[in-house]
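Letter by letter, the sequence shown follows residues -28 to -1, 1 to 169 of mature numbering (1 follows the signal peptide of the UniProt record, and there is no 0).
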Amino acid sequence: MLQPRPHLISKLLIAFLILVSCFISVFGYSDYSSTTKYCYSCMSEDFLLHWPYLDEVYYRPINFTDHCFKIPPSANIGTMPCSHSMCVTVIEPRILAGQHIGNNIIRGCFSGVFKYGSTPKSQSQQVLDTSCTRMPAHKLLPPRLAARSSNRTVELCWCAGQLCNYYPSVAINHSASTNVIASLFIFLVLVIFTTFF
């Protein structure tokens, strides 16, 4: 029968510290332990080009980036406190010559994104998951701009959890789960190696 080496505890501790550092490098570290809720805060880079006009409608996000749509784990997406409101995501279709060519996106705390427009109402008191609705874009505009806006619609999604406004980003969830599996596999190999070799 194989016997563990005398320094098993110290080797297991080293393996555990390596696992913790893997998780920190995979997910990054932010202290969200306080009662303050946070939301992702970003806009597609296209919005920066038109900011003098959009400044009348929106508050400035933490950053403008084309990573705002998919939120890859390596991207540094800003966050903002959102204690008294809901996190939101606005998906605005980009149309060129009548063709849909992609989406622009806005993420943030409702009260920190829109200068006008009413907070979305949910059916229940507590918003437990992401809810979305299509709505005319003019409902988010000040009256003088709404009167002459087009009939385009946007998708407005809202949620109440910590950093919950990552929808519709599939990449963040898929990549995170893949990295967790890889980290656990590395940890298991290290435990076996340090125990018996």
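Beta carbons are placed, not taken as given, at the ideal position from N, Cα and C, and that holds for glycine.
With distances taken Cα to Cα, identify the nearest neighbour of residue i among the options.
{"i": "Ser141", "options": "Ala132, Thr102, Ser121, Glu28", "result": "Thr102"}
{"i": "Arg124", "options": "Asp38, Cys54, Ile67", "result": "Ile67"}
{"i": "Glu17", "options": "Thr37, Ser46, Tyr138", "result": "Thr37"}
{"i": "Thr61", "options": "Ser83, Trp23, Pro115, Leu117", "result": "Ser83"}
{"i": "Ile63", "options": "Ser121, Ile77, Gly70", "result": "Ile77"}
{"i": "Asn75", "options": "Cys59, Ala132, His39, Cys131", "result": "His39"}
{"i": "Tyr31", "options": "Met15, Phe86, Leu135", "result": "Phe86"}
{"i": "Leu112", "options": "Tyr88, Ala132, Pro45, Ser121", "result": "Tyr88"}
{"i": "Ala132", "options": "Phe41, Phe19, Thr7, Met58", "result": "Met58"}
{"i": "Ser122", "options": "Pro65, Thr7, Phe41, Met15", "result": "Pro65"}
My output table needs one value for residue i: the three-state DSSP class, helix, strand or coil.
{"i": "Tyr10", "result": "strand"}
{"i": "Tyr25", "result": "helix"}
{"i": "Pro53", "result": "strand"}
{"i": "Ser(-4)", "result": "Low confidence applies here, because Ser(-4) scores a pLDDT of 44, under 50, leaving its location unreliable; read the following figure in that light. Residue state, collapsed to three classes: helix."}
{"i": "Asn48", "result": "coil"}
{"i": "Pro108", "result": "strand"}
{"i": "Ile43", "result": "coil"}
Buried or exposed for residue i, going by 16 or more other Cβ atoms inside 10 Å?
{"i": "Ser13", "result": "buried"}
{"i": "Tyr25", "result": "exposed"}
{"i": "Gly80", "result": "buried"}
{"i": "Glu28", "result": "exposed"}
{"i": "Asn137", "result": "buried"}
{"i": "Ala69", "result": "exposed"}
{"i": "Pro114", "result": "exposed"}
{"i": "Leu21", "result": "exposed"}
{"i": "His72", "result": "exposed"}
{"i": "Lys9", "result": "buried"}
{"i": "Glu109", "result": "Going by the sequence as given, residue 109 is Ala instead of Glu. With 16 or more other Cβ atoms within 10 Å, it is buried."}
{"i": "Trp23", "result": "exposed"}
{"i": "Ala119", "result": "exposed"}
Residues bridged to residue i by DSSP?
{"i": "Leu68", "result": "Gln71"}
{"i": "Ser103", "result": "Trp130"}
{"i": "Met15", "result": "Phe36, Ile78"}
{"i": "Cys59", "result": "Cys81, Cys131"}
{"i": "Tyr30", "result": "Phe86"}
Quick one: residues in its chain with C-beta nearer than 7 Å to the C-beta of residue i, no 5 flanking neighbours on either side, listed in chain order?
{"i": "Met107", "result": "Thr125, Val126, Leu128"}
Which same chain residues end up closer than 6 Å to residue i when comparing Cβ atoms and leaving out the 5 residues on each side of it in sequence?
{"i": "Ile43", "result": "Ile49, Tyr138, Ser141, Ile144"}
{"i": "His56", "result": "none"}
{"i": "Cys54", "result": "Lys9, Cys11, Cys81"}
{"i": "Cys104", "result": "Glu127, Cys129"}
Counting only the same chain and skipping the five closest in sequence on each side, list residues whose C-beta sits under 8 Å from that of residue i.
{"i": "Thr51", "result": "Ser2, Tyr10, Cys11, Tyr12, Ser13, Ile34, Leu135"}
{"i": "Ala47", "result": "Thr37, His39"}
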